[in-house]
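J.: There's a structure below that I have some questions on.
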Amino acid sequence: MRYWILSLLYMALIFWVSSLEQPPLPMPEFEWLTIDKLYHFIEYAILGGLLAIAFVKAKPAVIPSKLIWLVAAVLSILYGASDEWHQTFVPGRFATLADWVADVLGSIAGVLAVYLYYRSNQPSADS
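Under the working numbering, the first residue of the sequence shown carries the number 171, and numbering increases by one thereafter.
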């Protein structure tokens, strides 16, 4: 369970921030892209990475080791979808497909970063 605590606390933080009527970060707008999409990407890259680390460290017997990366990404992506849905119930907030796409891309990037880190730190067969 200890490997999951940081992921769960981070998910609670995401839920709390999504419950706020006004996000605590500035939201300057550019022509077609808002900095909000970057926030979503980073937010879910962190979550995807935390979930990947938790799966690697916990080594759940019910999930084949080659699938933990996919499971971590899917959980992060689904949490992003649930977060967007949650925002539809918060006054002054709304869900957008563009936000969720940024969540998806961030989730994948976070899991991929952890995967590449672990892969590069594996002892080679030649050693």
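C-beta atoms are modelled at their ideal positions from N, C-alpha and C, and glycine is treated no differently. Quick caveat: nothing in here was measured; it's all calculated off a predicted structure.
Look up F259 in the DSSP assignment and say whether it is helix, strand or coil.
T.: Three-state DSSP puts F259 in coil, outside helix and strand.
J.: In angstroms with no decimal places, state the Cα-to-Cα distance between D206 and R289.
T.: Going by the C-alpha atoms only, they are around 31 Å apart.
J.: Rank K229, W270 and Q257 by C-alpha distance to the C-alpha of V244 and give the top, closest one.
T.: Among K229, W270 and Q257, the Cα nearest to that of V244 is on W270.
J.: Could you tell me whether the stretch 226-242 touches the stretch 257-275, using the rule of 3 or more Cβ pairs below 8 Å?
T.: Result no; under three Cβ-Cβ pairs closer than 8 Å.
J.: Measure the C-alpha to C-alpha separation of Y180 and E191 and round it to an integer number of angstroms.
T.: Cα to Cα, Y180 sits roughly 19 Å from E191.
J.: Alpha carbon to alpha carbon, what distance is there between S188 and I216?
T.: Looking at the two C-alpha atoms, the distance is approximately 16 Å.
J.: Can you tell me which of Y249, G262, P261 and G219 puts its alpha carbon nearest to the alpha carbon of A182?
T.: Considering only alpha carbons, the answer is Y249.
J.: Just tell me which of W186, D273, G276 and L221 has its CA closest to the CA of L176.
T.: It is L221 whose Cα lies nearest to the Cα of L176.
J.: In whole angstroms, give me the CA-to-CA distance for Q292 and M171.
T.: Rounded to the nearest angstrom, the two C-alpha atoms are 25 Å apart.
J.: Going by the beta-carbon positions, is the gap between S277 and Y214 smaller than 8 Å?
T.: Closer than 8 Å, so yes.
J.: Would you kindly check if the distance between the Cβ of A279 and the Cβ of G218 is under 8 Å?
T.: In contact: G218 and A279 (Cβ atoms closer than 8 Å).
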